[in-house]
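Each protein sequence line maps, in turn, to chains A and B.
According to my numbering, the first sequence is numbered sequentially starting from 1.
According to my numbering, the second sequence is numbered sequentially starting from 1001.
Input: a single structure, listed below in structure tokens.
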Amino acid sequence: MVYSSVIRERFRSPRFRGSLVEPDAAFEDVNPLCGDRIRIECRITDGRVAEARHRGDSCAICAASADVLLEMAVGKSVEGAASIQPSALLERLEAEIRPTRMKCVTLPLSVLQGALEGREVAR
Amino acid sequence: MTLDEQTRPDFPILTRIINGQPLVYLDSAASSQKPRQVIEAMQRYYERSHANVHRSIHTLGEEATEIYEAARDAVRSFIGARFREEIVFTRGTTDGINVVARAVASMLRPGDEIIVTEMEHHSNLIPWQMVCRERGAALRAVPLLDGGVLDMAAFGRLLSRRTRLVAAAHVSNVLGTINPVSEIVRLGRERGALVLLDGAQAAPHQALDVTALGCDFYVFSGHKLLGPTGIGVLYGRRETLETLEPGLGGSEMIKEVWIDHAQWNDLPWRFEPGTPPIAEAVGLHAAVEYLDKLGMGRVEAHERELCRLTLEALETIPGVTLYGPRNPELKAAAVAFNVEGIHPHDGAALLDERGIGVRAGHHCAQPLMRRLGITGTLRASFSVYNGAAEIERLADAVRALRGAL
């Protein structure tokens, strides 16, 4: 099942969708395959991800992945959050993702890493 | 008997069951399926006649050459070209456009202009961006009117003495819009510009007469035309091809070679460097023969009816947005749409769960997507083997999409 109950639930009722006022870290990127764009903003307190939000224009898999990812990241150290592995994310999504849609899962991960590493958004 | 009832038994792949349902293949604009006649012709060629063409002085080499050149004659007659010298085999539409772009590059001067349209596939845009950058020429684009048709008045204003080439799609790969190509050719040539038509989405769906069209170049792919991948056709008006320097070099395209220079071969081989796609030409030959037997007029009428049925079915479904002309007379074999709240990639994946294959995404036409203010669409496209019952299955599945996630 591509669209697991976790994906459907997180797509319909995201818990971390939105934006932060004056975030400490922010990054956005596009999936070149489909043109999807996702932005992640974080508040960092004492070296930990205290708050995080995502928004953008994306498919259900990407949106759900971002939502689950931020739930995993909040409370972790910056290094810990930046080193979350795709396999951990896939496990939480409880979905059989085909290779063609893997980028939908991993885009939020690379965007979060970009934010935490303080990368500049390419224009 | 309808065209699909007649042709379906020829397409072995159509018996596949996808996710527990009989396959409904509605992605022929990306690549069509192949009839047994094409597959068997290629297999027969490999099993009986394969050798390299043109230089082998032995039975198989001579046979292969004869077979390869016979494919050229078949294509010439299929598209209404006057001379076999006008038919250049390429690797596909993209390759054909690049062959022309490389050849035209050397005649561009700084300040010259190339005109494309806002609805071009990236394949008919990027090669022109590249030559313009290289030669200091400027790229201009004909804008779209809201109905998904070209703004021909704006095209008239864009044309000038600086225009050296006009490159336009015959049929939009997204909107299905049939562009007024005779008018484009007439206006372009009046200004002394070369005119290239991208026929990737037109050649599979209607009878062609490139001579009557009067364009300098017409390009299309084999694999969208029931033929194999890896081969395409570049039609070039003989008078135009004769004036062009080949942009790509290698064997085959030469007559005599010295260490520091060479004499180019005659047309059409001058533009076919290296060993050509021989088996693919055999497959393409079988494909155009197959279509010829069906009759392109009948193919066009059948697909127009599928287009009409799809438009009619989808426009009654709440939450569906259609893109491009609504009049099936102005549209060829492709319908782009979106469903409210459903990302096109999710839509395509959900349709696939019901055995229905459609295209989703930007369709390699990002400037067009930007013009429409969207990131992508779903697209159903048709070929000779699609039937009315499949359109019903599509409509039922689309109806179920809203609220499916």
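Beta carbons are placed, not taken as given, at the ideal position from N, Cα and C, and that holds for glycine.
Item, Value
"What does Ser58 of chain A touch in chain B if you count any residue whose Cβ is under 8 Å from its own?", "His1343"
"Helix, strand or coil: how does DSSP classify Trp1258 of chain B here?", "coil"
"With distances taken Cα to Cα, identify the nearest neighbour of Thr1275 of chain B among B:Phe1078, B:Lys1034 and B:Ala1064.", "B:Ala1064"
"Closest to Pro964 of chain B by C-alpha separation, out of B:Ala1030, B:Lys1034, B:Ser1032 and B:Glu1069, would be which residue?", "The shown model of chain B, from 1001 to 1405, leaves out residue 964 of chain B, and the question about it has no answer."
"Below 7 Å between beta carbons is the criterion; list the residues of the stretch 1342–1364 of chain B that meet it against any residue of chain A, in chain order.", "His1343, His1345, Asp1346, Ala1349, Gly1361 and His1362"
"If I follow the unbroken alpha helix (DSSP H) through Thr1007 of chain B, where does it start and stop?", "Leu1003 to Thr1007"
"Does any residue of chain B bring its CB to less than 9 Å from the CB of Arg17 of chain A?", "no"
"Taking only runs of the alpha helix (DSSP H) that begin and end inside the stretch 1139–1204 of chain B, which ones reach a length of at least 4 residues, in chain order?", "1152–1158 and 1181–1190"
"Measure from the alpha carbon of Glu1390 of chain B to the alpha carbon of each residue in B:Leu1026, B:Pro1273, B:Leu1150 and B:Ser1056, then state which is nearest.", "B:Leu1026"
"Does the beta carbon of Thr1377 of chain B sit closer than 9 Å to a beta carbon anywhere in chain A?", "no"
"Please name the residue or residues paired with Pro1022 of chain B in a DSSP beta bridge.", "B:Ile1017"
"Which residues of the stretch 2–26 of chain A have a Cβ closer than 9 Å to any Cβ of chain B? Give them in chain order.", "Val2, Tyr3, Ile7, Arg8, Phe11 and Arg12"
"Under 8 Å: do the stretch 1–17 of chain A and the stretch 77–95 of chain A share three or more Cβ pairs, one atom per stretch?", "yes"
"Quick one: which chain A residues come within Cβ less than 8 Å of Gln1366 of chain B?", "Gly35"
"Report the residues of the stretch 1378–1405 of chain B with a CB closer than 7 Å to any CB of chain A, ordered along the chain.", "Leu1405"
"So, is Pro1328 of chain B buried or exposed, given that buried needs 16 or more other C-beta atoms within 10 angstroms?", "buried"
"Output needed for Arg1371 of chain B: all residues of its chain with C-beta closer than 7 Å, excluding positions within five of it in sequence on either side, in chain order.", "Glu1118 and Leu1144"
"Could you list which residues in chain A have their beta carbon closer than 7 Å to that of Met1042 of chain B, in chain order?", "None at all; the shortest Cβ gap to chain A is about 28 Å."
"Taking the beta strand (DSSP E) that Tyr1218 of chain B belongs to, which residues open and close that run?", "Phe1217 to Ser1221"
"Opposite Thr45 of chain A in the DSSP bridges: which residues?", "A:Arg48"
"For Asn1019 of chain B, is the classification buried or exposed, using 16 other Cβ atoms within 10 angstroms of its Cβ as the cut-off for buried?", "exposed"
"Leaving out five residues before and five after Val49 of chain A in sequence, what residues of the same chain have Cβ atoms less than 6 Å from its Cβ?", "Cys42, Ala73, Val74, Lys76 and Ala81"
"From Val78 of chain A to Pro23 of chain A, what distance separates their C-alpha atoms?", "14 Å"
"Is the shortest distance between the beta-carbon of Met1119 of chain B and the beta-carbons of chain A less than 9 Å?", "no"
"Inspect the CB distances between the stretch 1342–1352 of chain B and the stretch 1391–1403 of chain B and report whether three or more fall short of 8 Å.", "yes"
"Hey, Leu69 of chain A and Leu116 of chain A: beta-carbon distance below 9 Å or not?", "no"
"Which residues share a DSSP beta bridge with Tyr1235 of chain B?", "B:Ile1087 and B:Tyr1218"
"On the DSSP letters alone, give me the boundaries of the beta strand (DSSP E) that Tyr1323 of chain B sits inside.", "Val1320 to Tyr1323"
"Look up Gln1263 of chain B in the DSSP assignment and say whether it is helix, strand or coil.", "strand"
"Quick check: the stretch 1317–1336 of chain B against the stretch 1222–1242 of chain B, are there 3 or more CB pairs under 8 Å?", "no"
"Quick check: what's the CA-CA separation for Ala1141 of chain B versus Pro1246 of chain B?", "26 Å"
"Please work out which residues of its chain come closer than 6 Å, Cβ to Cβ, to Gly1188 of chain B, disregarding the five sequence neighbours upstream and downstream, and give them in chain order.", "Val1166 and Val1195"
"Quick check: the Cα distance between Glu1005 of chain B and Tyr1385 of chain B, rounded to an integer number of angstroms?", "7 Å"
"So that I know if they touch, is there some Cβ in chain B lying closer than 9 Å to that of Arg101 of chain A?", "yes"
"Hey, is the stretch 1300–1319 of chain B in contact with the stretch 1083–1091 of chain B, meaning 3+ C-beta pairs nearer than 8 Å?", "no"
"So, is Val1076 of chain B buried or exposed, given that buried needs 16 or more other C-beta atoms within 10 angstroms?", "The residue you asked about is not Val; residue 1076 of chain B is Arg in the sequence shown. So Arg1076 of chain B counts as buried."
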